[in-house]
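Down below is the structure, laid out as C-alpha cells.
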Amino acid sequence: MDIDLITNILYAMVRTGTPLLIVALGELICEKSGVLNLGQEGMMLMGAVVGFIVTLSTGSLTLGFLAAILAGILMSLIFGVITMELSANQVATGLALTIFGTGLSAFIGTNYVGKPITGLEPIDIPVLTDLPIIGRMLFGQDLLVYLSLALFGGVYWFINHSRPGLILKAVGENPHSANAIGLPVFKVRYLAILFGGAMAGLAGSYLSLAYTPLWMENMSAGRGWIALALVVFASWKAERVLLGAWLFGLASILHLVFQGMGFSVSPNLLATLPYLATIAVLVILSSNQNSRLVAPISLGKPFYAKT
Amino acid sequence: MKRRQFHKLLAGVVAGAMLGLSVPAVHAEEPLKVGFVYVGPIGDHGWSYQHDQGRLSAEAHFGDKIKTTYVENVAEGADAERVIRNLAKAGNDIIFTTSFGFMNPTVKVAKQFPNVKFEHATGYKLSDNLGTYVSKTYEGRYVAGYVASQMTKTNKIGYIASFPIPEVIRDINTVQLALAKYNPNAELKIVWVNTWFDPGKEADAANAMMDQGVDVILQHTDSPAAMQAAERRGAFAVGQASDMTHFGPKAHLLSVVDEWGPHYINRIQAVMDGSWKSSAMVEGMKEGAIVIPGFNESIPADVTAKAKELIAGIKDGSVYPFTGPLKDNKGEMKVPEGTKLTFADLEKMDWYVEGIKAEIPK
Chain A
1 MDIDLITNIL YAMVRTGTPL LIVALGELIC EKSGVLNLGQ EGMMLMGAVV
51 GFIVTLSTGS LTLGFLAAIL AGILMSLIFG VITMELSANQ VATGLALTIF
101 GTGLSAFIGT NYVGKPITGL EPIDIPVLTD LPIIGRMLFG QDLLVYLSLA
151 LFGGVYWFIN HSRPGLILKA VGENPHSANA IGLPVFKVRY LAILFGGAMA
201 GLAGSYLSLA YTPLWMENMS AGRGWIALAL VVFASWKAER VLLGAWLFGL
251 ASILHLVFQG MGFSVSPNLL ATLPYLATIA VLVILSSNQN SRLVAPISLG
301 KPFYAKT
Chain B
1001 MKRRQFHKLL AGVVAGAMLG LSVPAVHAEE PLKVGFVYVG PIGDHGWSYQ
1051 HDQGRLSAEA HFGDKIKTTY VENVAEGADA ERVIRNLAKA GNDIIFTTSF
1101 GFMNPTVKVA KQFPNVKFEH ATGYKLSDNL GTYVSKTYEG RYVAGYVASQ
1151 MTKTNKIGYI ASFPIPEVIR DINTVQLALA KYNPNAELKI VWVNTWFDPG
1201 KEADAANAMM DQGVDVILQH TDSPAAMQAA ERRGAFAVGQ ASDMTHFGPK
1251 AHLLSVVDEW GPHYINRIQA VMDGSWKSSA MVEGMKEGAI VIPGFNESIP
1301 ADVTAKAKEL IAGIKDGSVY PFTGPLKDNK GEMKVPEGTK LTFADLEKMD
1351 WYVEGIKAEI PK
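Chains as they are written, first to last, in our numbering: chain A, 1 to 307; chain B, 1001 to 1362.
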C-alpha cells in the first residue's frame, strides 16, 4: 500500500462518515432530551429531495442546503406535535415518519430523477492539503465536511461544558424533577427534536448535493438507521459518535479497496466489517464504564406536564 | 380524545405515504387488461424503470385496446402473492411479474387462475398458463468490454458487481473474454458491493477503483452514481439498464439498455390473437431486447465501427463469446474446442474464465 492510496482512503473515510456524523449528532441531542425519533431515514430523504429540487431550480447550493434543513425541521415538527402534544408512542410515530418521508420524497421527486446538477466541490486549503497522509483527509474536503467538524465541536461543548446542555440532560434523565424546579421541559424537548430534524435534513442534502449529486428514490439506503445505531453504541457521547462514524466510513472503504487489490477475503465477510468493527470498538469502550446505565433514563417515555 | 386525534393524524400520514404508490388507470371500452408487478420504484432509473418504459410503449402501441395496471415496490415474498392474486382477481388477462423472487408466488397464483396468462421475467418455472422471459445482457456487455479494452490507458478496467449469481458472473466473464481477445494486457478488477442499489456505495466503489488506477468502469448495479464519479475524475464508464448519458456526458462511453417494449407488444398481441403459448423466451440484440442507443463522440471512429460490426455479428450469430476452447481461471478446460455453451449452461455459470485474478465469493 503506497502513501497515495492511504491518503485517498483516509480522504474517502471522512467523506463516507460525514452524513452519518451529521445525522447522529442531531439524534444524539434529541435522545439526550429523552426523545427517541426513529424518523431519521424519512427526514434525510426529505432533506435530500427538497435540497435537490431547490438547487436545481435556483442554481444555488446554499439555498438548497437551507431548504433541506427547513424540510428536516418541518418533518421533525410533525413528529414533535404528535409525540408531545398528543403524547403518542415515540417509536411508532418515528417509524411512521420514516414511512411517510420515504413515500413523500419519492412522490415529490418523481420528475427530478436523473436531472444533472453540479454538486458541492471540495475546497483545498492551500499548503495544508499537501501534508502527507492527513492533508487531503482534513484539508481537502468540501465545506460541509468542515461544517460537520464544527458541528461536532459545538455539540461536544454544548453537552459537556454548557449550562443549557446541563438543562438538556436534566430533562432527558428526569423530566418530572426538571419540571418541578421550573425547567421548560416541553420547550427543551421541542428544540432538541427540531435540531435533530435540521441535522437529518442537512445530512440528506449532503447525499444529494455533494456526495452523489443526484436525486434517486430511497438514496439514503439505510444511513439513517446506521446513525441511530451509532448513537446507541457510542453510549450517547459526542466524541464516540465521531469515532464511530469515521470508523464505519473507514471500514466501508477498506472493504472496497481490499477487493480492488485482489485480497482473497470473502467480500461478504468484508461487507459486514463496518458493522462488526464499529460495534466491537464502541462496545469495548463502553464496557469500561461503571455499571450506571448510559442511556438517558427517560428515553422514549412521553412526558405529561399536568398530572 | 387525544388518542383519536392521533389516529386521524396517523391515517393522514399513511395516506400521504400511499400517494407515492398510486395506480394509474386508462379508460377504454372492453380493453384487454394487462397487469405489471415491479420489485423497485419506477423512479430507480434502472431495472423497474425500463420495465415501465416497456409498459408505456405497449400503451402507446395499442392505445385504447389495452388497459394497463402496475404495482411498484412489491417486496419479493408473501406480499407478492397477494399483489399478483389481486391483479388476477381484478380481471387482468395477462400479468407480467418482473423480478426473480416473484417466481414461486407467480407459480402459485397461476395455478389458481388457469384462464389468466402469466409471464415471469428471469425465472425458470413453466406451466400451461405461465411463461418466462429474460434478456441476454451479456451481448451488450461484450461490446462494452471491447470498447473498454480500446479506451483504457492504464489497462485497468473496473467492474462493480452486485451479488455472485450466475447472471452477474456470466456478464463478468463476457467482459473478460472481450478484454482477452482485444487487449490481453488489460486487467479486470472486480468489486462486490452486495447491493443492487446504493448510490453512495456504488460511488465509493468507483472512487476506490480509480484510486488504484482504473480508468474505465463497468457496473452491474442500478444507480448512475459510478458514472457521475467517473465524470468528476475524468475516467470512462459504461451505463447499465437505462441510458445514462446525462449523468456523465464526457465519461459515458455507452449504455447497455434493456428494451422490454417489443416483448410486451408481441405478447399482448399474442393474447389478443389467441395465439399465446407458454414458453421460455430468451431475447437479445436480434430481437431488439438489448440495445446500445449511442456511442460517445470521444470514441475513435474505427473503434465505434468495430463495435457496430460486433453488434451486427451478435445479431446474425457469427459472434458468440462463449465458444470453446474456454478454460476457467484455474486452468481447467471447461468448454472444449468446437462446442458452444447453451443459454441453459450460462444460467448455471459458477466459474470465472481464464484471466480473472480473483475468486468468486462463496
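Where is the CB? At the ideal position from N, CA and C, for every residue including glycine.
Taking every protein chain shown into account, the CB of M219/A has 16 or more other CB atoms within 10 angstroms, so this residue is buried.
When CB distances to chain B are screened at a threshold of 8 Å, the residues of the segment 254 to 265 of chain A falling below it are L256, V257, Q259, G260, M261, G262 and S264, in chain order.
Taking CB atoms only, A251/A has no neighbour in chain B less than 8 Å away.
The beta carbon of N1207/B falls within 8 Å of a beta carbon belonging to chain A, placing the residue at that interface. Across the structure, A1251/B and P122/A are spaced so that their CA atoms are roughly 20 Å apart.
Within the segment 1299 to 1350 of chain B, the runs of beta strand (DSSP E) that reach at least 3 residues and sit entirely inside it are, in chain order, 1333 to 1335. Our two residues, C30/A and T18/A, have alpha carbons roughly 19 Å apart in a direct line. Within chain A, the residues whose beta carbon sits less than 9 Å from that of K1362/B are S266 and N268, listed in sequence order.
For H1220/B, there is no enclosing alpha helix (DSSP H), since its DSSP letter is neither H nor E.
If you compare the alpha carbons of I1299/B, G1355/B, G1274/B and M1210/B with that of A12/A, the shortest gap goes to M1210/B. One finds G1043 and H1045 in chain B with Cβ atoms closer than 7 Å to the Cβ of V113/A, taken in chain order.
Check the Cα spacing between Y112/A and each of N179/A, L74/A, G135/A and V49/A: the tightest is with V49/A.
C-alpha of D1079/B to C-alpha of V1107/B: approximately 14 Å in a straight line. Within the segment 1103 to 1120 of chain B, not one residue has a Cβ closer than 9 Å to any Cβ of chain A. Judged by DSSP in its simplified three-state form, Y1124/B adopts coil rather than helix or strand.
Under the Cβ criterion of 8 Å, M216/A is counted among the residues facing chain B. For D1258/B, no alpha helix (DSSP H) run applies; the uninterrupted beta strand (DSSP E) run containing it begins and ends at H1252 to D1258, by DSSP. The three-state reading of DSSP puts G172/A in helix, counting H, G and I together.
Nearest Cα to I1217/B within the set I1165/B, S1278/B and T1154/B: T1154/B.
Listed in chain order, the alpha helix (DSSP H) runs fully inside the segment 1056 to 1142 of chain B are 1078 to 1089 and 1103 to 1112, counting runs of at least 4 residues.
The three-state secondary structure of L70/A, taken from DSSP, is helix. At least 8 Å separates the beta-carbon of V1193/B from that of A1208/B. The alpha helix (DSSP H) runs lying completely inside the segment 62 to 144 of chain A and spanning 4 residues or more are 90 to 109 and 134 to 139, given in chain order. P1199/B has a beta carbon lying within less than 8 Å of a beta carbon in chain A. About 16 Å separates the beta carbons of I1094/B and K1111/B, which is beyond the 8 Å limit, so they are not a contact pair. Contact between Y156/A and E239/A holds: their C-beta atoms lie close to 6 Å from each other, under 8 Å.
Annotation for L1326/B: K1334, V1335 and V1353 place their beta carbon closer than 7 Å to its own, counting only its chain and skipping 5 residues before and after.
No residue range can be given for M1285/B, since it is assigned to no beta strand (DSSP E) and is classified by DSSP as neither H nor E.
Among the CB atoms of chain B, none fall inside 8 Å of the CB of N160/A. When C-alpha distances from K1357/B are compared across L147/A, I159/A, G260/A and L36/A, the shortest belongs to G260/A.
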